[in-house]
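Heads up, the thing below is written out as structure tokens.
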Amino acid sequence: MDSGSKFVVNVAYTTPSGRMHIGHGLGHTVSDVILRYEALKQEKDSFFGFGMHSTGKDLIKIIETLKDEDNLPQILKRYNIPQKKRDELLSLPDLEDQVDTLVQEYESQYKEVIKKMGIAMDFDSFFSTNQEANQKYTQWTLKKLNDSGLIVETESERPYCAKCDDIKHIDIDLSEVSSVGQVKWDEVRIQDGELQGGKFECRLHSGEPITVKKRKERAINYADEETQNKVLKLIKNMKVRPNKYKENLEEIVKTRLPKPFERNSEGNIGATSPFDPDKKVEALSDSNIYMEFYGISQLINNQDIKIDNLTDEFFDYVYLNKGNPADVAKNSNMEETDLIKAKKHVQERIPVDVSVLGFEHLGVHLPFSLFTHAAVFPDNYFFPECVVTSHITKKGEKMSKSKGNVVYLDDLLDLSEKEVSIKGLSKEASYDSIRFFLSYYQSMDQDFDWDDSNFIRVSLSGMKRHVSSIRRSGDIKQSARDGDLNYIDKWFSTLDQITVDKITEKMDERDSRKALVELTDIRTKALNNYLTSESPKKEILSSFLKNQISMGYPVLPRVSEELRKEYIPNEQITWPKTNEEMKFFEEYERGEHEFKGKDYEKNIVGDLNSKIGRMMGKKEIKPGDSLEILTPTQYQSTLLQKLKSPFSGKFDMDFQQNQTYEEIMVRKKL
Ligand SMILES: [Zn+2]
């Protein structure tokens, strides 16, 4: 174990604009399941930062809207702000303080929801991009890009709002503009001084059309070939899940253009540009390497360092190991020991082992983030793995506030408390049902449609199956005895062990759905069969029970912990390792045959037939040849000879057991 280093995940930080919705729920759940699983398996501490992206105009717009006395009840409901908080906020004379108050309100609301979701976030790492400490980091980042020659001047025709007197970025995020009518995203571009592909208006000025204007601007040069090539090289070693996005991503990196990053200060939240005191850094340019800042914000929040300590030299030393610590400490107005401690603290939280983001971040945020990592940081900061979450729709439609069809997490938590409660478990355990549903219902690479009744039905039955497998094995274990293992004991023991292997493999692949099918469907069904046998053995049930509780933990942390206390109070939850001595493959096949009957026979013959058929298709064998049929167990070999394949008459088949194979093998006899 690497002492001190932590397993780190990051989920795209939220833009505060009202209540958290099911899309946030999916991203946070996927991240947390990976975090809990890997921390358990690797026996590491974990780190999961909590932050908000408040750059741009959104919060200023909310504050403006809150002043509208006429429609106040709807507005308060829409943004989820209590009247008292609104009055307090508007009584503050300074806009920055108003923004800060709004951020604090959303921080506490989101924290409550995230806690109920059972997400292991490090809440003391909180920062928001309107805060000074983070803005210093953003300025440092841009200076580093400039040092590498990656800040360039561009003159080009740009989308423009006359009321803001400012350029607007148009992308599928719709972070700065709103679309008017249908947009053909593939065709959005500026041509002959006109905007093609769709009509847009300013997000800040409703009804104000986005036009085109020629502007000279500072831009981050995402088109720089040398850095692009470095990104492409680093991407080769990065796992992208679902893997189908990896190829897109390489293409996206190669086709990025220089992106202007400055906006007028007026009416915008963000860091002041290090190159122009009248400009602010826009939203897509301050969110590229924010995930490495959580270590620093944690130190600030815990008062281990002060905002004044955050000099460029401090960042150079902590992130890039540049400079002499004595000099850096002196120039940053801090003790050398505190500086060294700060560096260690930050380094323990790097790299972000898994970065989780939504599909909508693939085209813009992710390539910018990878580019900035490659340009500013050492190679080992590059994420080893990115996970892209799917879309959730409702009745086939995209969820949106204006349609009023958004599924909010606080409503869903209330629903699960009422409808998915399980006898003997707490209300927090019933909140695990949302995690269960999001992990079990659909594969990660497919979008899915939300339906409350579906959620209740699927999560209730799945959680009940799982909990009852633990309760039944735990209860019957009490009166069970040890003794010589018969073939049924050996069958079940083997199943217990090999499903541990399968679940581990699926969790490694981030396929929580297949892992949960093994855990809550296959293992539970097998247990029910095992308990019909004459005398289930204590030792076998103990192993099953502990594995069942432990392997449920990443998805169902509260359920698992409560059942652990009830059934194995003297043991800790650890990720199981398989015991080869408890695998008995002859008895396993015999047991499977007994419980699955004709289905087992159909499967084994079908497997052999398809292998022979495939070899004939490839002309590797022809009728009349002699074949060797190698099976992992003698049981399979004997059974196959008895059952006879349709090919039995066409080939001369020699059946043999060969333990070195994990599945049935067919070879041409020479
Ligand atoms: Zn505008």
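If you read the sequence shown in our numbering, its first letter stands for residue 91, the second for the next number, and so on. For every residue, glycine included, the Cβ atom is placed at its ideal position computed from N, Cα and C. Quick caveat, the model's predicted, so the values are computed rather than measured.
Where does residue i sit, in a helix, a strand or coil, going by DSSP?
i      : result
GLU298 : coil
THR191 : helix
MET381 : helix
LEU322 : helix
LEU717 : strand
GLU475 : strand
ILE112 : helix
GLU222 : helix
GLN272 : coil
GLU243 : strand
SER121 : helix
TRP665 : coil
ASP92  : Note that ASP92 scores a pLDDT of 44, beneath 50, so its modelled location is shaky and nothing firm can be said.
SER727 : helix
ARG768 : Here the chain covers residues 91 to 760 and nothing more, so residue 768 does not appear.
VAL330 : strand
ALA605 : helix
PRO644 : coil
ARG248 : strand
ASP537 : coil
LEU285 : strand
GLU450 : helix
LEU312 : The question names Leu, yet the displayed sequence has Tyr at residue 312. TYR312: coil per DSSP, three-state reduction.
MET597 : helix
ASN100 : strand
ASP158 : coil
ILE712 : Inspection of the sequence shows that residue 712 is occupied by Lys rather than by Ile. In the structure shown, LYS712 sits in coil (DSSP, three-state: anything other than H, G, I, E or B).
PRO350 : strand
TYR127 : helix
Is the beta carbon of residue i sitting closer than 9 Å to the one on residue j?
i      : j      : result
MET755 : ILE719 : yes
VAL273 : CYS292 : no
ARG600 : VAL442 : no
GLY360 : THR219 : yes
PHE473 : MET328 : yes
LEU635 : ILE658 : yes
GLY63  : LYS740 : With the chain running from 91 to 760 in the structure shown, residue 63 is simply not present.
GLU419 : LEU410 : Before going on, a small fix: residue 419 reads as Ala here, not Glu. Not a contact, by the Cβ cut-off of 9 Å.
THR721 : GLN746 : yes
SER716 : ASP744 : yes
ASN392 : ASP611 : no
THR104 : TYR200 : yes
TYR530 : VAL645 : yes
PHE675 : THR584 : yes
THR231 : THR462 : yes
Which same chain residues, not among the five before or five after residue i, have their C-beta less than 7 Å away from its C-beta?
i      : result
THR668 : GLN587, VAL590 and ASP591
LYS258 : PRO249, TYR250, CYS251, GLU266, VAL267, CYS292 and ILE300
GLU340 : LEU322 and ILE325
LYS96  : LYS134, ASP135, SER136, PHE137, GLU438 and ARG439
SER238 : ALA465
ASN399 : SER422, ASN423 and MET424
LEU528 : GLY115, LEU116 and THR119
CB-CB under 8 Å to residue i, same chain, minus the five flanking residues each way: which ones, in chain order?
i      : result
ASN354 : CYS254, ASP255, ASP256, ASP368, LYS369 and LYS370
MET91  : For MET91, the predicted structure reports a pLDDT of 41, less than 50, and the residue's modelled location is therefore unreliable. A value from the coordinates is still provided. Excluding sequence neighbours, MET91 sits near GLN132, GLU133 and LYS134.
GLY413 : GLU403, ASP406 and TYR407
SER625 : ALA570, ARG571 and GLY573
LEU503 : VAL203, LYS206, MET207, TYR521 and ILE524
GLY287 : VAL273, LYS274, TRP275, ASP276, GLU277, VAL278 and ARG279
Could you tell me whether the Cβ of residue i comes closer than 9 Å to any Cβ of chain D?
i      : result
GLU298 : Looking for chain D here will not work: only one protein chain is present.
So, for residue i: in the same chain, excluding its five sequence neighbours on each side, which residues have a beta-carbon less than 6 Å away from its beta-carbon?
i      : result
GLU677 : TYR577, LYS580 and TRP581
MET641 : ILE593 and LEU609
Could you name the residues, in chain order, whose CB is less than 5 Å away from a heavy atom belonging to ligand 2?
By its list of ligands, the structure shown excludes ligand 2, since it contains just ligand 1.
Does the region 401-418 come within contact of the region 155-174, defined as at least 3 CB pairs closer than 8 Å?
no
Take every Cβ of the region 569-580, pair it with every Cβ of the region 646-655, and state whether three or more of those distances are shorter than 8 Å.
no
Counting pairs of Cβ atoms below 8 Å between the region 533-549 and the region 618-632, do you hit three or more?
no
Any 3 or more C-beta pairs closer than 8 Å across the region 319-329 and the region 299-307:
no
Would you say the region 481-493 touches the region 106-116, given that touching needs at least three Cβ pairs under 8 Å?
yes
Are three or more beta carbon pairs between the region 143-151 and the region 175-191 nearer than 8 Å?
yes
On the three-pair Cβ rule with 8 Å, is the region 554-565 touching the region 596-604?
no
Could you check whether the region 506-514 touches the region 448-456, counting it as contact only if at least three pairs of C-beta atoms, one from each stretch, sit closer than 8 Å?
no
contact_flag[the region 341-348, the region 169-184] where n(CB pairs < 8 Å) is 3 or more
no
On the three-pair Cβ rule with 8 Å, is the region 327-336 touching the region 374-385?
no
Are at least three pairs of beta-carbons, each pair with one atom in the region 727-740 and one in the region 688-700, less than 8 Å apart?
yes
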